[in-house]
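Residue numbers (the working numbering): 2 to 162.
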């Protein structure tokens, strides 16, 4: 969180350059928008901050970013499935007689509150590859709705692995 107490809004004070104001920066889906709001132009430090918050909210709406102070991730080069929060994995369980069994699963991960991680799995063995992936993606979208109020738009539809 920025020192201003508002995500995406930073204070800039450069006396040598006579620059005093708030810098608003919003990034979503690889697109970035920025705007500087000077104290003198907006009638003082507090009024400039109020205007900076309004500008930040407007820029987030234009980009389609949900209004939250939490980090919002919609793409990642590290995602093996192409869907944030859905990974393909192998899970070790105990089978009949206590023997170790390896099961193919999709792991669905989400963060209901800051510093809290929740996970569940969808079995590939039980549902088949495509159905398990579809169910995992559906579950992830449902959890995004719970956390953000709406599913996040990622730009392109997911493809199975």
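The C-beta atom is built at its ideal place from N, Cα and C for all residues, glycine as well.
* Length at least 4, wholly inside the stretch 23-58: the alpha helix (DSSP H) runs in chain order -> Listed in chain order, the alpha helix (DSSP H) elements of length 4 or more contained wholly in the stretch 23-58 are 40-43.
* Out of curiosity, what's the CA-to-CA distance linking residue 11 and residue 87? -> The residue labelled residue 11 in the question sits at position 10 within the chain shown. The residue labelled residue 87 in the question sits at position 86 within the chain shown. Cα to Cα, residue 11 sits roughly 33 Å from residue 87.
* Whose C-beta lies closer than 7 Å to the C-beta of residue 89 among residues of the same chain, with five residues either side of it excluded? -> Reading the chain shown from its first residue, position 88 is the one you call residue 89. Cβ neighbours of residue 89 beyond the five flanking positions: 81, 82, 107, 162.
* Ordered along the chain, which non-local residues of its own chain (more than five positions away) have a Cβ less than 7 Å from that of residue 69? -> In the chain shown, counting from the first residue as 1, residue 69 sits at position 68. Only 149 meet the Cβ criterion.
* Asked: For residue 68, which of helix, strand or coil comes out of DSSP?
  -> The count along the chain shown starts at 1 and reaches residue 68 at position 67. DSSP, read as helix, strand or coil, puts residue 68 in coil.
* **For residue 43, the nearest candidate out of 57, 58, 22, 36 (CA to CA)** => Within the chain shown, the letter at position 42 stands for residue 43. Comparing Cα positions, the closest option is 22.
* Asked: Going by the beta-carbon positions, is the gap between residue 101 and residue 95 smaller than 8 Å?
  -> Taking the first residue of the chain shown as 1, we reach residue 101 at position 100. Taking the first residue of the chain shown as 1, we reach residue 95 at position 94. It is a contact, given that the beta carbons lie within the stated cut-off.
* At which residues does the alpha helix (DSSP H) containing residue 136 begin and terminate? -> The sequence position of residue 136 within the chain shown is 135, counting from 1. Note, residue 136: alpha helix (DSSP H), 130-149.
* To do: Tell me where the beta strand (DSSP E) around residue 82 begins and ends.
  => Within the chain shown, numbered from 1, the residue matching residue 82 stands at position 81. Unbroken run through residue 82: none, as it is neither H nor E.
* To do: Can you tell me which of the three DSSP states residue 115 falls into?
  => Here residue 115 corresponds to residue number 114 of the chain shown, with the count starting at 1. Coil at residue 115, not helix or strand.
* Work out the CA separation of residue 125 and residue 58 for me, nearest whole Å. => Here residue 58 corresponds to residue number 57 of the chain shown, with the count starting at 1. Here residue 125 corresponds to residue number 124 of the chain shown, with the count starting at 1. Near 41 Å, if we compare the C-alpha coordinates of residue 125 and residue 58.
* **Per DSSP, the bridge partner or partners of residue 105** => In the chain shown, counting from the first residue as 1, residue 105 sits at position 104. Secondary-structure assignment with DSSP links residue 105 through a beta bridge to 91.
* Per-residue burial, residue 2 [other beta carbons within 10 Å of its own, 16 or more giving buried] -> As a working note, residue 2 is residue 1 in the chain shown. Annotation note: pLDDT 47 at residue 2 (below 50); position unreliable, coordinate value reported separately. Taking all protein chains shown into account, residue 2 has fewer than 16 neighbouring C-beta atoms within 10 Å of its C-beta and is therefore exposed.
* To do: Below 7 Å CB to CB, which residues in the same chain sit around residue 52 once its five sequence neighbours on both sides are set aside?
  => Within the chain shown, residue 52 is the residue found at index 51, counting from 1. Taking residue 52 as the centre and dropping the five residues before and after it, the same chain places the C-beta of 38, 43 closer than 7 Å to its C-beta, in chain order.
* Given a threshold of 16 other Cβ atoms within 10 Å of its Cβ, counted over all protein chains shown, does residue 143 qualify as buried or as exposed? -> Taking the chain shown and counting its residues from 1, one reaches residue 143 at position 142. Classification of residue 143: exposed, given that the 10 Å Cβ count is below 16.
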